[in-house]
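**Q** Questions regarding the structure given below will be posed in turn.
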Amino acid sequence: MLNIKNLHVTVDDKEILKGLDLTVNAGEVHAIMGPNGSGKSTLANVLAGREGYTITKGSIDYEGKDLSGMAPEVRAREGIFLAFQYPVEIPGVNNIYMLKAAVNAKREYIGEPPLDAVEFLNLVKEKVKLVKLKEELLNRSVNEGFSGGEKKRNEIFQMAVLEPRLAILDETDSGLDIDALKIVAEGVNSLRNRDRAIILVTHYQRLLNYIVPDQVHVLFDGRIIKSGHRELALKLEEKGYDWVKSEAAA
Amino acid sequence: MATKTHDVETLVKKEYEHGFFTDIESDTVAPGLNEDVIAFISRKKNEPDWLLEWRLKAYRHWLEMEEPRWAHVHYPPIDFQDISYYSAPKTKQDGPKSLDEVDPKLLETYEKLGIPLHEQKLLAGVAVDAVFDSVSVATTFKEKLADAGVIFCSFSEAVQEHPELVRQYLGSVVPAADNFYAALNSAVFTDGSFCYIPKNTRCPMELSTYFRINASKTGQFERTLIVADEGSYVSYLEGCTAPMRDENQLHAAVVELVALDNASIKYSTVQNWYPGDEEGKGGIYNFVTKRGDCRGVNSRISWTQVETGSAITWKYPSCLLKGDNSVGEFYSVAVTNNYQQADTGTKMIHIGKNTRSTIISKGISAGHAENAYRGLVRITAKAENARNYTQCDSLLMGDKCGAHTFPYIEAKNASAQVEHEATTSKIGDDQLFYCMQRGISEEDAVNMIVNGFCKEVFKELPMEFAVEAQKLLGVTLEGAVG
Ligand SMILES: Nc1ncnc2c1ncn2[C@@H]1O[C@H](COP(=O)(O)OP(=O)(O)O)[C@@H](O)[C@H]1O
Ligand SMILES: [Mg+2]
């Protein structure tokens, strides 16, 4: 589904990703771990098509299409979803009004008729249960006055409604207490299926107790320096990043 | 003066020789302004002497006045002798013959706003003979209003049919010599709207000039007078949400509102005149004086405006809070794009006891536009326990535009509570990207964010108006980001 080859990315003329390779197949969950500043969010942003990130070398192939020239909204309609590390507040814009616009933009793109108000509300009611989001948050302004945990849950709720093919969760676990973490993990797990791939960007292996990944990658200084399975995350926690660093250097 | 009056007589006589009624389409006076022209206008409109005197007095004041230069706007000097101050309704041959002759950009806008074809023709000034829905609707409305005792007619009609009311209230809120443009308007106004709501009457519908669009083209010096008698309520919608084709460059309107004891007036405007092209050429200069007088106890006047048009807007809808416990409100969205300039705001003058005022101003600038908010809150010495809350937010799109805030607060009574909050923000790349990452186009995302920013004002607009105002905002800001 996703095939990244030798990806080099600069931000403000500074090279952040320095030859990153990653292959993710449909149905898989990949965890990307790495210390602060290693380029995890950069990768997430590049996949989502954020402005200001220049691909200087390498390629990103998504479902047989070259992503590099594709506008962010088109990527979204093609099924790429990014759960933001820091979801932004949009004052005055109703949370589910925005979501409805998003759903219908996607439906229009794939040639389906827009959902009417009733159909959309039914969809919302069904999905809101997955992440146990308080219903009163639905009609507030997007993320405005939400607690940190509520913002993260709102991201997963949006993901559930938009049903992406490829979801990238950027540190969705940070700042969550254990109960909130479990709820988010359950939500994500319920969205796992054969056709959907998920990339979990995380700092802590704790999340992987609840969402068991197919593969774990260590991103360090703009490159994936080690890949493995669930055990790699545990070992990382035990031995720290220096261990992989020295092993990679060896 | 004698010779001048004589001139007018000969002029009128000459007209008469040509056949006053049959040749009405040709009577437009030559450019220029003097007492003869004013007398000519008054005569044409068959006005009583007192009104002519009133106009002349205004004119003489105007001659002594100087054009204000304090506003944060720039434009070449206006030659007031180069304007024709009276023009009969346009002939059918003057307008475009069909929509093919209308500026395609204007039509594109109409389409985006979802305006039906026959109304597009109406707005674009295309000569059409068919009877429109809106005209028949207007007739039905008139009957319903008459049943309630509400008077709603053109200003000219009011001068003929209800001269005592006009005489009692005209200029009682905005005196003829109030300011340069108000004085000019008082001297040469040609038409406008008049509305009177009798005691203890709730006006049975929203009053809208929209329904008179075909009946009277009110021209550049419009005059509106609304009187809400004791215990009455009226909601008045000014204008129409589509950009009007208009050849007049200078507009100087006056609006006067009077609310007596326990009366309430809600006045909503969506102003969307031609702003000029992308380089700033053409476009309307809009210099308006709008003032509401909360004359009675417990009265309330609420201004809501959405300003997206005009090249230059100079406008400060104000409230005189004379009655004890009276309430003044001002909710405004002013949008400027390209080379538009807007200097708007409000004045809240607290005179009575326990008077309250609220000001919510949202300024949006894009392109090279300049947007200034100017607000005065004055608490006079006798105004015990007056309260004001002002919130003034600016949103910038791009980095070539400007926003300026000039709050003036004068409190002469120690019991006053005045609160002022101001913010300036740039439309966030983060917010845009967030929406786009969810599949929403950039244009829709900008729309959504801007509408969110304006929400507190839009919720004050009557429903259908609010929907149209939102669409209009989208059209105005198209291409402003990215
Ligand atoms: N907009 C930016 N301008 C300049 N440097 C940036 C920008 N965004 C991120 N960086 C730098 O890129 C590196 C990687 O950042 P990021 O991808 O956010 O790391 P992570 O998510 O792994 O913590 C860091 O050194 C960070 O300082
Ligand atoms: Mg990060």
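Quick mapping for you: the protein sequence lines, in order, are chains C and X.
Take any residue in the first sequence, count from 1 to its spot, add 25: that is its number in my numbering.
Take any residue in the second sequence, count from 1 to its spot, add 12: that is its number in my numbering.
Just so you know, even glycine gets a beta-carbon here, dropped at the ideal spot from N, CA and C.
Mind the definition here: the region 467-479 of chain X touches the region 152-165 of chain C only if three or more C-beta pairs lie below 8 Å; say whether that holds.
**A** They do not touch, by the three-pair rule.
**Q** What residue ranges within the region 138-195 of chain C form continuous beta strand (DSSP E) runs of no fewer than 3 residues, ordered along the chain?
**A** 191-195, all fully within the region 138-195 of chain C.
**Q** Taking the CB atoms as reference points, tell me whether Val-300(X) and Asn-337(X) lie closer together than 8 Å.
**A** Not in contact: Val-300(X) and Asn-337(X) (Cβ atoms no closer than 8 Å).
**Q** How many whole angstroms separate the CB atoms of His-73(X) and Ala-189(X), which I take to be in contact at a CB cut-off of 8 Å?
**A** That pair is a contact at about 4 Å.
**Q** Between Gln-183(C) and chain X, is any beta-carbon pair separated by less than 8 Å?
**A** Answer yes: the Cβ-Cβ gap between Gln-183(C) and chain X drops below 8 Å somewhere.
**Q** Spell out a yes or no on whether the region 319-328 of chain X and the region 339-354 of chain X are touching, meaning 3 or more CB-CB pairs, one atom from each, closer than 8 Å.
**A** Touching, yes, given that three or more Cβ pairs across the two stretches are closer than 8 Å.
**Q** Which of helix, strand or coil does DSSP assign to Glu-103(C)?
**A** DSSP places Glu-103(C) in coil when its eight states are reduced to three.
**Q** Residues of chain X with a CB under 8 Å from the CB of Thr-123(C): which are they?
**A** It should be pointed out that residue 123(C) corresponds to Met in this sequence rather than to Thr. What Met-123(C) touches in chain X: Cys-447, Arg-450, Ile-452 and Met-460.
**Q** Residues of chain X with a CB under 8 Å from the CB of Lys-287(C): which are they?
**A** Outside the shown range of chain C, which is 26 to 275, sits residue 287(C), and nothing can be said about it.
**Q** Alpha carbon to alpha carbon, what distance is there between Ala-51(C) and Leu-216(C)?
**A** Distance between the alpha carbons of Leu-216(C) and Ala-51(C) is about 13 Å.
**Q** In chain order, what residues of the same chain have a beta carbon less than 6 Å from the beta carbon of Leu-225(C), not counting five sequence neighbours either side?
**A** These residues qualify, in order along the chain: Ala-56 and Leu-194.
**Q** Check whether the Cβ of Ile-41(C) lies closer than 7 Å to any heavy atom of ligand 1, and answer yes or no.
**A** Under cutoff, so the answer is yes.
**Q** Run the Cβ filter for me: residues under 5 Å from any heavy atom of ligand 1, listed in the order they occur in the chain.
**A** After applying the 5 Å Cβ criterion, the set is Val-36(C), Asp-37(C), Ile-41(C), Asn-61(C), Gly-62(C), Ser-63(C), Gly-64(C), Lys-65(C), Ser-66(C) and Thr-67(C).
**Q** Shortest alpha-carbon distance to Glu-76(X) belongs to which of Tyr-181(X), Pro-60(X) and Leu-196(X)?
**A** Glu-76(X) has its Cα closest to that of Leu-196(X), out of Tyr-181(X), Pro-60(X) and Leu-196(X).
**Q** Distance, Cα to Cα, His-254(C) vs Lys-260(C)?
**A** Looking at the two C-alpha atoms, the distance is approximately 10 Å.
**Q** Using 8 Å as the limit for Cβ to Cβ distance, is Val-213(C) near chain X?
**A** Cβ-Cβ to chain X under 8 Å: no for Val-213(C).
**Q** Taking Cβ-Cβ distances shorter than 8 Å, what residues in chain C pair up with Phe-465(X)?
**A** What Phe-465(X) touches in chain C: Pro-116 and Gly-117.
**Q** Please say whether Tyr-328(X) and Val-359(X) have beta carbons closer to each other than 8 Å?
**A** Strictly speaking, residue 359(X) in this sequence is Lys, with Val absent from that position. Yes.
**Q** Indicate the three-state DSSP secondary structure (helix, strand or coil) for Gln-232(X) in the structure shown.
**A** Three-state result, Gln-232(X): coil.
**Q** Looking at chain C, which residues of the region 421-449 of chain X have a Cβ within less than 8 Å of any of its Cβ atoms?
**A** So the list reads Gly-440, Asp-441, Asp-442, Gln-443, Phe-445, Tyr-446, Cys-447, Met-448 and Gln-449, given in the order they occur along the chain.
**Q** Does Asp-159(X) have its Cβ less than 8 Å from a Cβ in chain C?
**A** Not an interface residue.
**Q** Given the structure, does Asp-246(C) come close to ligand 2, in the sense that its CB is under 7 Å from one of the ligand's heavy atoms?
**A** It does not: the Cβ of Asp-246(C) is nowhere closer than 7 Å to a heavy atom of ligand 2.
**Q** So Met-409(X) and Ile-439(X) are supposed to be a Cβ contact under 8 Å. How far apart are they, rounded?
**A** Right, the Cβ-Cβ distance comes to about 5 Å (below 8 Å), so this counts as a contact.
**Q** Using the three-state DSSP reduction, which class does Arg-450(X) fall into: helix, strand or coil?
**A** Coil at Arg-450(X), not helix or strand.
**Q** Spatial neighbours of Gly-117(C) within its chain, please: CB distance less than 8 Å, with the 5 preceding and 5 following residues excluded, ordered by chain position.
**A** Once the five neighbours on either side are set aside, the close Cβ partners of Gly-117(C) are Ser-166.
**Q** I need the straight-line Cα distance from Tyr-235(C) to Asn-31(C), nearest angstrom please.
**A** Answer to the nearest angstrom: the Cα atoms are 31 Å apart.
**Q** Suppose you measure from the CA of Ala-127(C) to the CA of Leu-140(C); what does that come to, to the nearest Å?
**A** About 11 Å.
**Q** What I want to know is whether the C-beta of Asp-442(X) ends up closer than 7 Å to one or more non-hydrogen atoms of ligand 2.
**A** No, the beta carbon of Asp-442(X) sits no closer than 7 Å to any heavy atom of ligand 2.
**Q** May I have the straight-line CA-CA distance separating Val-339(X) from Arg-179(X), to the nearest angstrom?
**A** Cα to Cα, Val-339(X) sits roughly 26 Å from Arg-179(X).
**Q** Can you give the beta carbon distance from Phe-206(X) to Leu-237(X), rounded, assuming they're within the 8 Å contact cut?
**A** Sure, about 5 Å apart at Cβ, within 8 Å.
**Q** Looking only at its own chain, which residues have a Cβ that is under 7 Å from the Cβ of Glu-151(C), when we skip the five neighbours before and after it?
**A** Closer than 7 Å at the Cβ level, and outside the excluded window around Glu-151(C), lies no residue.
**Q** Return the chain-ordered list of same chain residues with a C-beta closer than 8 Å to the C-beta of Gln-172(X), the five sequence neighbours on each side being excluded.
**A** The residues are Asn-58.
**Q** Below 8 Å, how does it come out for the region 88-102 of chain C and the region 412-420 of chain X: are there three or more Cβ pairs, yes or no?
**A** With a cut-off of 8 Å, the region 412-420 of chain X and the region 88-102 of chain C do not count as touching, because too few Cβ pairs lie within range.
**Q** Closest by CA to Lys-177(C), which one among Pro-138(C), Leu-162(C) and Leu-92(C)?
**A** When only C-alpha atoms are compared, the closest one is Leu-162(C).
**Q** Quick one: what's Lys-125(C) bridged to in DSSP?
**A** According to DSSP, which records beta bridges pairwise, Lys-125(C) is partnered with nothing at all.
**Q** Counting along the chain, where does the beta strand (DSSP E) carrying Glu-53(C) start and finish?
**A** Run containing Glu-53(C): none; DSSP gives neither H nor E here.
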